[in-house]
Amino acid sequence: MTANLANTSDFHRWRRTSPFAIVFFVRGTIRQIRAYGQLLVTLGLAFLIVRARELAGELIPAAILLIIVVAVLRYWFFRFRVTGDRILIRQGILKKTSLDLPLDRIQAVNVQRSLTDRLLGLVTVSVDTAGSGAVEAVIPSVKAAFADRIRERVAAARREGPGSDADVLSRGHAGEPRDAKTDDETPSAGEVMMKLPPGDIVRIGLRLLGDSSYWVLPVFLLARDPRDLLRYLAGQFGFLEPIGRDEVPQDLVSNFAELIFRAGFLAALVALIAALGIYGAFKTWYGFRLYRDGAVYRTRAGLFTQREVVVQSVKVQQATLSQNLMDRCFRRFRLTVQPVSDDDEVLVVPLLGARMAEVLRAELFGREAGGLTLLPQSRRIVRVSVYFIGAAMAKMAVFPALALAALILLIAGEPNWAWAQISLVFAGICFAVGGVVAVQRWRRLGYVHDDDGIAVRSGFVARKVEAFLFRKVQCVTVNRSPMQRLKGLATLEMHLAGESVAVPYIDHRVASRLRDYILYKVESNARWH
Amino acid sequence: MFVNPEVPLDSLPGTETLEWTPLHPRFARRLQVAALIRAVLIGGGWGAFHLRVLPFIAERLPWLPVFAWTIIGAFCLWSLAWPAVAVPRRGYVVREKDLLFRSGVLWRSVKAFPFNRVQHTRIDSTPLDRRFGLASLSLFPAGAGAGHRIRGLGQQTAERLRVYISERIEADGVSGSRDTDAATAPAANSEANSEANSENSSDAAGDSGR
Numbered sequence: 001m002t003a004n005l006a007n008t009s010d011f012h013r014w015r016r017t018s019p020f021a022i023v024f025f026v027r028g029t030i031r032q033i034r035a036y037g038q039l040l041v042t043l044g045l046a047f048l049i050v051r052a053r054e055l056a057g058e059l060i061p062a063a064i065l066l067i068i069v070v071a072v073l074r075y076w077f078f079r080f081r082v083t084g085d086r087i088l089i090r091q092g093i094l095k096k097t098s099l100d101l102p103l104d105r106i107q108a109v110n111v112q113r114s115l116t117d118r119l120l121g122l123v124t125v126s127v128d129t130a131g132s133g134a135v136e137a138v139i140p141s142v143k144a145a146f147a148d149r150i151r152e153r154v155a156a157a158r159r160e161g162p163g164s165d166a167d168v169l170s171r172g173h174a175g176e177p178r179d180a181k182t183d184d185e186t187p188s189a190g191e192v193m194m195k196l197p198p199g200d201i202v203r204i205g206l207r208l209l210g211d212s213s214y215w216v217l218p219v220f221l222l223a224r225d226p227r228d229l230l231r232y233l234a235g236q237f238g239f240l241e242p243i244g245r246d247e248v249p250q251d252l253v254s255n256f257a258e259l260i261f262r263a264g265f266l267a268a269l270v271a272l273i274a275a276l277g278i279y280g281a282f283k284t285w286y287g288f289r290l291y292r293d294g295a296v297y298r299t300r301a302g303l304f305t306q307r308e309v310v311v312q313s314v315k316v317q318q319a320t321l322s323q324n325l326m327d328r329c330f331r332r333f334r335l336t337v338q339p340v341s342d343d344d345e346v347l348v349v350p351l352l353g354a355r356m357a358e359v360l361r362a363e364l365f366g367r368e369a370g371g372l373t374l375l376p377q378s379r380r381i382v383r384v385s386v387y388f389i390g391a392a393m394a395k396m397a398v399f400p401a402l403a404l405a406a407l408i409l410l411i412a413g414e415p416n417w418a419w420a421q422i423s424l425v426f427a428g429i430c431f432a433v434g435g436v437v438a439v440q441r442w443r444r445l446g447y448v449h450d451d452d453g454i455a456v457r458s459g460f461v462a463r464k465v466e467a468f469l470f471r472k473v474q475c476v477t478v479n480r481s482p483m484q485r486l487k488g489l490a491t492l493e494m495h496l497a498g499e500s501v502a503v504p505y506i507d508h509r510v511a512s513r514l515r516d517y518i519l520y521k522v523e524s525n526a527r528w529h
Numbered sequence: 530m531f532v533n534p535e536v537p538l539d540s541l542p543g544t545e546t547l548e549w550t551p552l553h554p555r556f557a558r559r560l561q562v563a564a565l566i567r568a569v570l571i572g573g574g575w576g577a578f579h580l581r582v583l584p585f586i587a588e589r590l591p592w593l594p595v596f597a598w599t600i601i602g603a604f605c606l607w608s609l610a611w612p613a614v615a616v617p618r619r620g621y622v623v624r625e626k627d628l629l630f631r632s633g634v635l636w637r638s639v640k641a642f643p644f645n646r647v648q649h650t651r652i653d654s655t656p657l658d659r660r661f662g663l664a665s666l667s668l669f670p671a672g673a674g675a676g677h678r679i680r681g682l683g684q685q686t687a688e689r690l691r692v693y694i695s696e697r698i699e700a701d702g703v704s705g706s707r708d709t710d711a712a713t714a715p716a717a718n719s720e721a722n723s724e725a726n727s728e729n730s731s732d733a734a735g736d737s738g739r
């Protein structure tokens with residue numbers, strides 16, 4: 001069996017990967033089914049369990065068998081070949097696809113190791129190309145050295161190809177030719193910049209509490225009695241006799257007991273979310289390490305499936321530091337580094353302190369943009385114009401209020417007192433909520449820039465700072481609404497490869513000058529990836 | 530050696546004094562014709578519905594016919610009238626290093642595309658466009674999704690712009706572009722335009738002004 005295990009010495013012929021890739025294809029098939037109809041599949045399963053138990057004994061094994069057969073077929077038809085200047089992949093059972101990736105177009109070679117992969121010393125290599133809608137190639141279950149070989153070849157191809165940043169690349173990659181190590185657990189990855197102790201991973205897990213605080217509290221407050229909800233769900237799924245809302249037993253209704261019960265329910269809910277979050281955090285981030293190897297940064301983490309993400313600092317488009325409510329309690333942040341590639345391959349540092357954030361920012365941007373900051377609390381960040389509040393309120397309050405008034409009028413047929421009352425009350429709510437949201441968003445908005453780059457802060461409850469170099473910009477827009485023109489304001493929108501960042505409601509002259517300056521920077525520096 | 534002198538902000542070329550080149554004069558007419566066709570289709574479709582289906586559900590929804598015809602009428606009138614207002618507000622400027630495109634009547638925007646970030650370009654024209662001698666030019670910066678489409682250029686203007694931009698891409702391509710699409714595109718017409726770069730924008734203006 002090990003005979004056709006990705007033998008890395010011979011690159012040039014068509015090969016299959018190792019049969020262990022079947023596990024990968026099983027997962028891929030399941031993921032595909034889920035993507036096509038998550039709701040449908042869930043409902044189908046629920047239906048099967050609740051209503052058609054007698055059929056389940058036959059249907060479920062049949063489905064599993066089908067998935068395995070599909071996976072084996074997909075494994076059988078998956079072939080790849082690496083030639084001197086390109087990677088070729090042929091795959092597909094019915095719909096055949098063949099991928100042709102020129103090596104000099106490849107932006108990143110990332111590595112992922114599932115549990116089976118790790119037991120066998122194999123890796124899953126995913127190859128990323130530039131631009132959006134890029135075809136991404138995934139080669140499952142090959143030897144770890146294979147990824148290193150491809151990386152070296154990519155670096156070599158880029159060096160030969162017409163690229164100005166080849167020198168930077170070579171410093172990162174092929175400068176130290178890496179031997180195919182026999183010990184797959186520790187291929188050389190450079191100097192360790194950061195590790196996460198278990199305590200920090202627990203904190204990452206608690207982030208989920210911060211992210212879910214938006215809906216947990218409202219849901220809790222709106223549910224008249226949580227027991228109703230539980231009983232209702234149980235009744236629907238046939239575990240209990242369905243009951244009406246009025247038939248709730250009255251034995252616990254003294255206010256105090258009610259309060260205790262509600263508190264207990266909330267605590268249980270919070271504990272459940274925290275437990276889920278912590279499990280997820282350990283699954284994804286266990287053993288997190290950030291390495292630096294010249295101009296190349298890589299992270300490795302994962303309890304079962306170990307994922308490796310590699311980003312070269314020349315390819316970094318944007319660095320985002322975000323902080324949700326929970327992070328704020330811990331005084332920690334989350335850093336996302338976006339290279340030229342798909343969303344999957346962003347480099348994430350899930351938890352880091354303010355000092356580390358600034359160190360990493362300085363390293364990622366090199367000597368440029370020394371005047372920037374990623375920290376949302378920085379005093380250097382300038383707020384945008386107060387007129388933002390009015391405009392945001394108009395968007396969030398005036399239009400919904402008018403729309404609802406019109407709708408009710410349409411149904412009522414003619415203006416009357418009830419219509420006016422409902423519309424007024426709804427308008428009042430819209431204005432109250434919209435006003436709070438607008439003020440809060442305005443408080444978050446701000447920007448700071450120096451000669452080389454800009455950092456933009458935004459957010460609502462959480463806050464984030466997005467920073468990038470001017471020379472990474474792909475195109476710039478200056479937008480002006482009627483109100484902005486009246487007040488001499490403008491919105492500056494900068495489009496990067498992948499995302500766009502807007503600074504709303506700044507002085508029009510400032511926006512235009514920044515735009516002109518960005519154009520100058522873009523023009524005088526052709527390197528953006 | 531890498532030199533990076535400081536630049537005084539006020540010395541940068543601004544956009545205040547630019548002469549915006551308008552789109553092709555027939556473009557507004559083309560949009561109106563499209564709107565008319567759409568209006569006829571929508572009106573016909575709803576008319577059939579009105580005659581065939583509406584009698585059966587009319588008791589329950591007495592307000593529907595008036596409401597629907599008002600909305601359809603307003604929409605059609607709007608889409609017939611709006612191009613005459615909006616199209617004159619659109620315009621572009623070709624500078625040596627970038628292309629500016631402005632649009633919007635109430636919500637105005639000025640978009641700037643630096644040539645050395647454009648990955649490739651595309652010209653397309655619908656049958657209706659061709660009847661009016663128009664074409665659309667799309668610019669694709671890296672990773673910006675569908676790119677930006679400038680509609681309503683004269684066919685010759687669009688072609689000239691494409692060649693000019695492709696050439697600029699190629700000029701920068703020594704360091705910036707690895708995109709073979711962009712690099713191979715201007716090969717065919719390179720000799721005619723190699724020295725005419727500076728005149729191109731004025732040519733384009735003449736073309737659309739006729």
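Same order as they appear, the protein sequences are chains A and B. The first sequence lines up with residues 1 to 529 when you count with this note's numbering. The second sequence lines up with residues 530 to 739 when you count with this note's numbering. Yeah, the Cβ is synthetic: ideal placement off N, Cα and C, and Gly gets one too.
To the nearest angstrom, how far is it from the Cα of A:Arg-151 to the Cα of A:Lys-521? 31 angstroms
Give the DSSP-derived three-state secondary structure of A:Tyr-279 in the structure shown. Note: A:Tyr-279 maps to helix in three-state DSSP.
Since I believe A:Phe-431 is in contact with A:Ala-397 (beta carbons under 8 angstroms), could you give me their beta-carbon distance rounded to a whole number of angstroms? 5 angstroms
Any chain B beta carbon closer than 8 angstroms to A:Trp-14: It does not: the Cβ of A:Trp-14 has no partner Cβ on chain B nearer than 8 angstroms.
Could you run through the region 457–491 of chain A and flag, in chain order, every residue whose CB is less than 8 angstroms away from some CB of chain B? Val-473, Gln-474, Cys-475, Val-476, Thr-477, Val-478, Asn-479, Arg-480, Ser-481, Pro-482, Arg-485
Residues in its own chain within less than 6 angstroms of A:Ser-212 by CB, not counting five upstream and five downstream? Ile-273
Closer than 8 angstroms between beta carbons: that is the criterion. Which residues of the region 585–606 of chain B meet it against chain A? Trp-592, Phe-596
Consult DSSP for A:Pro-19 and reduce its assignment to one of helix, strand or coil. coil
Buried or exposed by the 16-neighbour rule on C-beta atoms within 10 Å, applied to A:Leu-402: Note on A:Leu-402: under 16 other CB atoms within 10 angstroms of its CB, so exposed under the neighbour-count rule.
Please compile the residues from chain B whose C-beta is within a distance smaller than 7 angstroms of the C-beta of A:Glu-523. Lys-626, Pro-643, Asn-645
Note down, in chain order, every chain B residue with its Cβ under 7 angstroms from the Cβ of A:Trp-442. Per Cβ cutoff of 7 angstroms: no residues; A:Trp-442 is ~20 angstroms from chain B at best.
Please list the segments of the alpha helix (DSSP H) lying wholly inside the region 75–139 of chain A, counting only runs of 4 or more residues, in order along the chain. 115–120
Outcome for A:Ala-144 when other beta-carbon atoms lying within 10 angstroms are tallied against a minimum of 16: Counting C-beta atoms within 10 angstroms of its own C-beta, A:Ala-144 has 16 or more neighbours from the protein chains shown and is therefore classed as buried.
Residues of chain A with a CB under 8 angstroms from the CB of B:Pro-670: which are they? Gln-474, Cys-475, His-495, Ala-497
With contact counted as at least three CB pairs below 8 angstroms, one residue from each stretch, are the region 312–323 of chain A and the region 455–466 of chain A in contact? yes
A:Ala-274 at chain B interface by Cβ criterion, 8 angstroms: Cβ-Cβ to chain B under 8 angstroms: no for A:Ala-274.
Give the secondary structure of B:Gln-648 by DSSP, where H, G and I count as helix, E and B as strand, and everything else as coil. Three-state DSSP puts B:Gln-648 in a strand.
Rounding to the nearest angstrom, what Cα-Cα distance links A:Asp-148 and A:Val-448 in this structure? 40 angstroms
When the Cα of A:Arg-334 is compared with those of A:Val-316, A:Glu-345, A:Ala-357, A:Gln-421, which residue comes out closest? Minimum Cα distance to A:Arg-334 is reached at A:Ala-357.
I'd like the span of the beta strand (DSSP E) that includes B:Lys-626, first residue to last. Element bounds for B:Lys-626: n/a, residue is neither H nor E.
Among A:Ala-418, A:Gln-91, A:Arg-328, A:Ile-260, which residue has its Cα nearest to the Cα of A:Pro-376? For A:Pro-376, the nearest C-alpha among the options comes from A:Arg-328.
Measuring straight from C-alpha to C-alpha, what distance separates A:Ile-429 and B:Asp-627? 47 angstroms
Are any of the Cβ atoms in chain A nearer than 8 angstroms to that of B:Val-639? yes
Cα-Cα separation between B:Arg-567 and B:Ala-664, rounded to whole angstroms: Straight across, the Cα-Cα distance linking B:Arg-567 with B:Ala-664 is about 20 angstroms.
Between the alpha carbons of B:Gln-685 and A:Val-473, how many angstroms are there, rounded? 30 angstroms
Counterpart residues of B:Ala-603 in DSSP-defined beta bridges: Answer by DSSP bridge pairing: none, since B:Ala-603 is not bridged.
Under 8 angstroms, Cβ to Cβ, is there at least one residue of chain B near A:Trp-419? no
Could you tell me which residues DSSP pairs with A:Gln-338 in its beta bridges? Looking at the DSSP assignment, A:Gln-338 forms a beta bridge with A:Gln-318.
Let me confirm a value: A:Leu-315 is counted as buried when at least 16 other C-beta atoms fall within 10 Å, else exposed. Which label applies? Residue identity check: residue 315 of chain A is Lys in the sequence provided, not Leu. It is buried - the Cβ of A:Lys-315 has at least 16 other Cβ atoms within 10 Å.
So, A:Arg-289 versus A:Thr-305, is the Cβ gap smaller than 8 angstroms? no
Less than 8 angstroms between CB atoms is the rule here; does B:Leu-635 satisfy it with respect to chain A? With 8 angstroms as the cut-off, B:Leu-635 counts as an interface residue toward chain A.
Residue nearest to A:Arg-207 in terms of C-alpha spacing, selected from A:Ile-518, A:Leu-325, A:Gln-317: Per the C-alpha coordinates, the member of A:Ile-518, A:Leu-325, A:Gln-317 positioned closest to A:Arg-207 is A:Leu-325.
If you draw a straight line from the alpha carbon of A:Val-340 to that of A:Gln-484, how long is it in whole angstroms? A:Gln-484 has its alpha-carbon roughly 33 angstroms from the corresponding atom of A:Val-340.
B:Arg-581 classed as buried or exposed, judged by whether at least 16 other C-beta atoms fall within 10 angstroms: exposed
Hey, does A:Leu-410 have any beta-carbon neighbour from chain B nearer than 8 angstroms? yes
Between the alpha carbons of A:Glu-54 and A:Ile-106, how many angstroms are there, rounded? 52 angstroms
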